[in-house]
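Colleague: Quick one: the structure is below, questions incoming.
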Amino acid sequence: MAFVNTLPYISNPIEEFSDFKFVSWEKSIYPILRGESKKSEIEFYTNFIVKNKFKNIIDFGVGGGAELSGVIKDLKQKKYKLESTEANEVDEEFIKQASSLFKNEKQNVIVHKANWLDLPKAKPNFAHLFDFGFLTGNSLTYIGGGTREYTKKAQQIAVSKFAELIEEGGYLFIDSRNYDYIKSLMNLPKEKVFENFTFDYTVYYHGFQKKITVFPAYVSDTVVVLHYYDKSNKVWSKLDLYPIYQKDMIEILSKDFVIEQIYHDFEKKEKKKSLFVQYLARKK
Ligand SMILES: C[S@@+](CC[C@H](N)C(=O)[O-])C[C@H]1O[C@@H](n2cnc3c(N)ncnc32)[C@H](O)[C@@H]1O
Numbered sequence: 005m006a007f008v009n010t011l012p013y014i015s016n017p018i019e020e021f022s023d024f025k026f027v028s029w030e031k032s033i034y035p036i037l038r039g040e041s042k043k044s045e046i047e048f049y050t051n052f053i054v055k056n057k058f059k060n061i062i063d064f065g066v067g068g069g070a071e072l073s074g075v076i077k078d079l080k081q082k083k084y085k086l087e088s089t090e091a092n093e094v095d096e097e098f099i100k101q102a103s104s105l106f107k108n109e110k111q112n113v114i115v116h117k118a119n120w121l122d123l124p125k126a127k128p129n130f131a132h133l134f135d136f137g138f139l140t141g142n143s144l145t146y147i148g149g150g151t152r153e154y155t156k157k158a159q160q161i162a163v164s165k166f167a168e169l170i171e172e173g174g175y176l177f178i179d180s181r182n183y184d185y186i187k188s189l190m191n192l193p194k195e196k197v198f199e200n201f202t203f204d205y206t207v208y209y210h211g212f213q214k215k216i217t218v219f220p221a222y223v224s225d226t227v228v229v230l231h232y233y234d235k236s237n238k239v240w241s242k243l244d245l246y247p248i249y250q251k252d253m254i255e256i257l258s259k260d261f262v263i264e265q266i267y268h269d270f271e272k273k274e275k276k277k278s279l280f281v282q283y284l285a286r287k288k
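See the structure below:
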């Protein structure tokens with residue numbers, strides 16, 4: 005087998021894009037990668053909210069706000085009344101993006117600022133518990149460290165913080181990229197990684213591979229570096245992420261929650277190759 009060393013790509017773009025300018029992921033990549041939310045994805049949440057008569061919902065990592073905003077809009081069209089719609093975010097750029105979207109849409113959303121590890125302390129303070137919380141688009145994976153055990157422990161702390169804000173019997177919907185699949189690409193040469201990290205569909209990130217080329221540039225047991233290339237603007241960015249394996253996530257969630265369903269890209273199906281693994285869990 006050929007010697008494979010993707011280490012040079014931890015901080016550098018791949019050869020094809022070596023003249024691309026490095027930009028802020030949140031500011032210049034995310035809005036293009038995110039694109040518009042798909043109606044069926046929004047209805048996945050709104051049907052669940054209506055069915056369970058949830059009244060207080062929170063997006064734990066609101067990003068640019070497209071998802072929460074879409075949910076509020078769809079519920080309004082369905083004439084379903086919520087008592088509160090809140091969000092948490094730590095990043096200033098995202099707070100700006102989300103707040104301006106909610107303002108434009110005339111939606112009343114309290115945006116709390118907190119690092120998950122500090123919850124339930126936040127600015128402004130939380131005043132009540134929620135019956136439905138979600139954290140989507142591969143977010144928990146920002147938390148972790150140098151070993152799989154450390155990552156698991158840190159992610160466990162964050163999930164238990166979410167649990168503190170969800171009432172008994174309430175639900176958490178949370179996802180991560182399918183790192184079990186990404187790990188299977190670990191020893192492949194760059195060209196093969198590209199070839200295998202293509203999908204004939206997208207979820208959440210509707211600019212994926214159309215407008216923004218996403219490439220797992222470095223894959224190890226404990227760190228995955230994803231590169232994002234915007235070929236039309238000749239810019240790139242990257243995220244260093246701490247992989248969440250399905251076995252670990254099940255253990256993490258099981259401390260405070262009962263897992264009711266695991267989805268692959270919104271489908272109730274076990275899949276080896278998928279973009280996202282999503283977990284629906286009920287608070288014990
Ligand atoms: C990949 S983005 C996803 C955003 C959004 N949920 C979506 O699907 O478009 C990850 C989100 O997690 C947030 N985040 C990452 N680490 C965090 C932490 N330690 N505390 C609070 N939020 C964090 C980021 O600021 C960002 O909003």
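If you use the working numbering, the sequence shown corresponds to residues 5 to 288, in order. Don't be surprised by glycine CBs; every beta carbon is placed ideally from N, CA and C.
Within a Cβ cutoff of 8 angstroms, which residues of the same chain sit near Ser-236, ignoring the five residues on either side of it in sequence?
Modeller: As a working note, residue 236 is residue 232 in the sequence shown. For Ser-236, where only same-chain residues beyond five positions count, the Cβ hits under 8 angstroms are Lys-215.
Colleague: Would the beta-carbon of Val-94 be found less than 8 angstroms away from any heavy atom of ligand 1?
Modeller: Your numbering for residue 94 matches position 90 in the sequence shown. Val-94: yes, Cβ under 8 angstroms from ligand 1.
Colleague: How many Å lie between Met-5 and Ala-91 at the Cα?
Modeller: Position 1 of the sequence shown, counting from 1, holds the residue named residue 5. Position 87 of the sequence shown, counting from 1, holds the residue named residue 91. Annotation note: pLDDT 47 at Met-5 (below 50); position unreliable, coordinate value reported separately. Between Met-5 and Ala-91, the C-alpha separation is close to 48 angstroms.
Colleague: Compute the distance between the beta-carbons of Glu-47 and Asp-78, then report whether it is under 9 angstroms.
Modeller: Counted from its first residue, the sequence shown places residue 47 at position 43. Counted from its first residue, the sequence shown places residue 78 at position 74. Closer than 9 angstroms, so yes.
Colleague: Determine the closest residue to Val-163 out of Leu-144, Glu-171 and Gly-148, with distance taken between C-alpha atoms.
Modeller: On the sequence shown, residue 163 is found 159 positions in, with the first residue counted as 1. Measuring from the Cα of Val-163, the nearest candidate turns out to be Leu-144.
Colleague: If you check the beta carbons only, do Glu-187 and Pro-247 fall under 9 angstroms apart?
Modeller: In the sequence shown, residue 187 corresponds to position 183, counting from 1. In the sequence shown, residue 247 corresponds to position 243, counting from 1. The amino acid occupying residue 187 in the given sequence is Lys; Glu does not appear at that position. It is a contact, given that the beta carbons lie within the stated cut-off.
Colleague: Just the Cα atoms here: how many angstroms apart are Gly-67 and Leu-192?
Modeller: On the sequence shown, position 63 is the one that residue 67 refers to. On the sequence shown, position 188 is the one that residue 192 refers to. Using only the alpha carbons, I get a separation of about 32 angstroms.
Colleague: By how many angstroms is the C-alpha of Tyr-84 removed from the C-alpha of Val-54?
Modeller: Translated into the one-based positions of the sequence shown, residue 54 becomes position 50. Translated into the one-based positions of the sequence shown, residue 84 becomes position 80. C-alpha separation (whole angstroms): 7 angstroms.
Colleague: Phe-136 and Phe-64 look like a contact to me (Cβ under 8 angstroms); what is the Cβ gap, rounded to whole Å?
Modeller: What you label residue 136 is simply residue 132 of the sequence shown in a count that begins at 1. What you label residue 64 is simply residue 60 of the sequence shown in a count that begins at 1. Not quite, the Cβ-Cβ distance comes to about 11 angstroms (not below 8 angstroms), so this is no contact.
Colleague: Quick one, are the C-beta atoms of Val-115 and Glu-93 less than 9 angstroms apart?
Modeller: By one-based count along the sequence shown, residue 115 stands at place 111. By one-based count along the sequence shown, residue 93 stands at place 89. Taking 9 angstroms as the Cβ cut-off, Val-115 and Glu-93 qualify as a contacting pair.
Colleague: Does the region 169-186 come within contact of the region 275-287, defined as at least 3 CB pairs closer than 8 angstroms?
Modeller: Yes: the two stretches touch, three or more of their Cβ pairs being nearer than 8 angstroms.
Colleague: Return yes when at least one heavy atom of ligand 1 lies under 8 angstroms from the C-beta of Leu-121, else no.
Modeller: For the purposes of this step, residue 121 is taken as residue 117 along the sequence shown, with counting starting at 1. Yes, Cβ of Leu-121 sits closer than 8 angstroms to a heavy atom of ligand 1.
Colleague: Alpha carbon to alpha carbon, how far is Lys-57 from Thr-226?
Modeller: If you number the sequence shown from 1, residue 57 lands on position 53. If you number the sequence shown from 1, residue 226 lands on position 222. About 39 angstroms.
Colleague: Leaving out five residues before and five after Lys-238 in sequence, what residues of the same chain have Cβ atoms less than 6 angstroms from its Cβ?
Modeller: For this step, residue 238 is matched to residue 234 along the sequence shown. The residues are Phe-24.
Colleague: Who pairs with Asp-63 in a beta bridge, going by DSSP?
Modeller: The residue you call residue 63 lines up with position 59 of the sequence shown. Answer by DSSP bridge pairing, in chain order: Ala-91 and Phe-138.
Colleague: Between Thr-140, Gln-265, Gln-159 and Lys-272, which lies nearest to Glu-71 when the distance is taken from Cα to Cα?
Modeller: As a first step, residue 71 must be located in the sequence shown, where it is residue number 67. Answer by Cα proximity: Thr-140.
Colleague: Assuming Ala-158 and Thr-10 are in contact, meaning their beta carbons sit under 8 angstroms apart, how far apart are those beta carbons, in whole angstroms?
Modeller: Residue mapping note: residue 158 aligns to position 154 of the sequence shown, counting from 1. Residue mapping note: residue 10 aligns to position 6 of the sequence shown, counting from 1. At roughly 25 angstroms, the Cβ-Cβ gap does not stay under 8 angstroms, so Ala-158 and Thr-10 are not in contact.
Colleague: Taking just the CA atoms, how far does Lys-82 sit from Phe-52?
Modeller: Position 48 of the sequence shown, counted from the first residue, corresponds to residue 52. Position 78 of the sequence shown, counted from the first residue, corresponds to residue 82. Looking at the two C-alpha atoms, the distance is approximately 13 angstroms.
Colleague: If Ile-18 sits next to Lys-194, beta carbons under 8 angstroms apart, how far is it from one beta carbon to the other, in whole angstroms?
Modeller: Along the sequence shown, read from residue 1 onward, the residue named residue 18 stands at position 14. Along the sequence shown, read from residue 1 onward, the residue named residue 194 stands at position 190. Contact flag correct, Cβ pair sits at about 7 angstroms.
Colleague: Who are the Cβ neighbours of Lys-110 in its own chain at under 6 angstroms, not counting the five residues just before and after it?
Modeller: To locate residue 110, count along the sequence shown from 1; it is residue 106. Within the same chain, Lys-110 has no close Cβ partners at all.
Colleague: Beta strand (DSSP E) containing Asp-244: first to last residue?
Modeller: Counted from its first residue, the sequence shown places residue 244 at position 240. Counting along the chain, the beta strand (DSSP E) containing Asp-244 begins and ends at 239-245.
Colleague: Grab the span of the alpha helix (DSSP H) containing Ile-14 for me, first residue to last.
Modeller: Here residue 14 is taken as the residue at index 10 of the sequence shown, counted from 1. Note, Ile-14: premise wrong, no alpha helix (DSSP H); not H, not E.
Colleague: Which runs of the beta strand (DSSP E) at least 3 residues long sit entirely within the region 116-203? Give them in chain order.
Modeller: The qualifying runs are 134-139 and 170-181.
Colleague: Do Tyr-13 and His-231 count as a contact pair if the criterion is CB distance below 9 angstroms?
Modeller: Locating residue 231 in the sequence shown gives position 227, where the first residue counts as 1. Locating residue 13 in the sequence shown gives position 9, where the first residue counts as 1. Yes, the Cβ-Cβ distance between His-231 and Tyr-13 is below 9 angstroms.
Colleague: Just to check my reading of the structure: Phe-201 and Phe-219 have Cβ atoms closer than 8 angstroms, yes? What is that Cβ distance to the nearest angstrom?
Modeller: Sequence index remark: in the sequence shown, residue 201 carries index 197 (1-based). Sequence index remark: in the sequence shown, residue 219 carries index 215 (1-based). Going by Cβ atoms, the distance from Phe-201 to Phe-219 rounds to 7 angstroms, so yes, they are a contact pair.
Colleague: Check whether the Cβ of Lys-90 lies closer than 8 angstroms to any heavy atom of ligand 1, and answer yes or no.
Modeller: Residue 90 sits at position 86 when you count from the first residue of the sequence shown. Reading the sequence as shown, one finds Glu at residue 90 and not Lys. It does not: the Cβ of Glu-90 is nowhere closer than 8 angstroms to a heavy atom of ligand 1.
Colleague: Within the continuous beta strand (DSSP E) that includes Val-75, where are the two ends?
Modeller: Position 71 of the sequence shown, counting from 1, holds the residue named residue 75. Run containing Val-75: none in the beta strand (DSSP E); it sits in the alpha helix (DSSP H), 70-81.
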